[in-house]
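Numbering (our numbering), first residue to last: 112 to 322.
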């Protein structure tokens, strides 16, 4: 798809990834930012009509980032094809207005639990897999779900990190067929696994220094 003639404005920025388009801007006033985006959206609509491109309103989303909750209100919603734009999930990553990532972490924990249940026959105590193979299954299949986008959310609060760590603890107990009373230190020593805080700090450091 050719995008060289996609509308650009000096008051907004455009980010393209595959068939996803993100429009963003900044302002001290929420309504001013909203009007900038609305103007750009109107130009984009003309562009889409010109090239006969279809936009899915249900996948079009909006979010306002601000330290003040009182500054997050959009008085009238942005519209795409007469459909109000909903809160944002961008490239599978859930964003919230204060960038605390609580919603994303909650979703990641839930998806990890679902993956663990689907793989229960392989992780169960009577599974034919060895603990080493179970651990490989965790690191290759389950942990990437839990830590998706870690370089973005690695600076979350200690409380949020503990939620992620507790999820890893449950997975490691399945790997070792350990009982509920097994200490977390024993789980990590037996498997050689880093604590989740160390792991996400490590991959985040590699990500930001890879350039």
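Built from N, CA and C at the ideal position, the CB exists for glycine as well.
Local conformation of residue i per DSSP, three classes
i           : result
residue 132 : strand
residue 194 : strand
residue 212 : coil
residue 259 : coil
residue 312 : helix
residue 148 : helix
residue 154 : helix
residue 163 : coil
residue 242 : helix
residue 265 : coil
Cβ-based burial, residue i [other Cβ within 10 Å; buried from 16]
i           : result
residue 212 : buried
residue 249 : buried
residue 291 : exposed
residue 310 : buried
residue 283 : buried
residue 229 : exposed
residue 316 : exposed
residue 161 : exposed
residue 246 : buried
Alpha-carbon to alpha-carbon, residue j and residue i
i           : j           : result
residue 271 : residue 218 : 12 Å
residue 210 : residue 176 : 7 Å
residue 147 : residue 207 : 21 Å
residue 293 : residue 301 : 11 Å
residue 243 : residue 169 : 43 Å
residue 151 : residue 122 : 9 Å
residue 321 : residue 235 : 38 Å
residue 312 : residue 305 : 11 Å
residue 140 : residue 194 : 24 Å
residue 135 : residue 303 : 43 Å
residue 205 : residue 131 : 15 Å
residue 155 : residue 118 : 6 Å
residue 231 : residue 253 : 12 Å
residue 166 : residue 318 : 32 Å
residue 128 : residue 114 : 11 Å
residue 277 : residue 178 : 29 Å
residue 124 : residue 143 : 15 Å
residue 260 : residue 214 : 13 Å
Opposing strand residues paired with residue i [DSSP bridges]
i           : result
residue 127 : 132
Spell out a yes or no on whether the region 255-273 and the region 284-298 are touching, meaning 3 or more CB-CB pairs, one atom from each, closer than 8 Å. no
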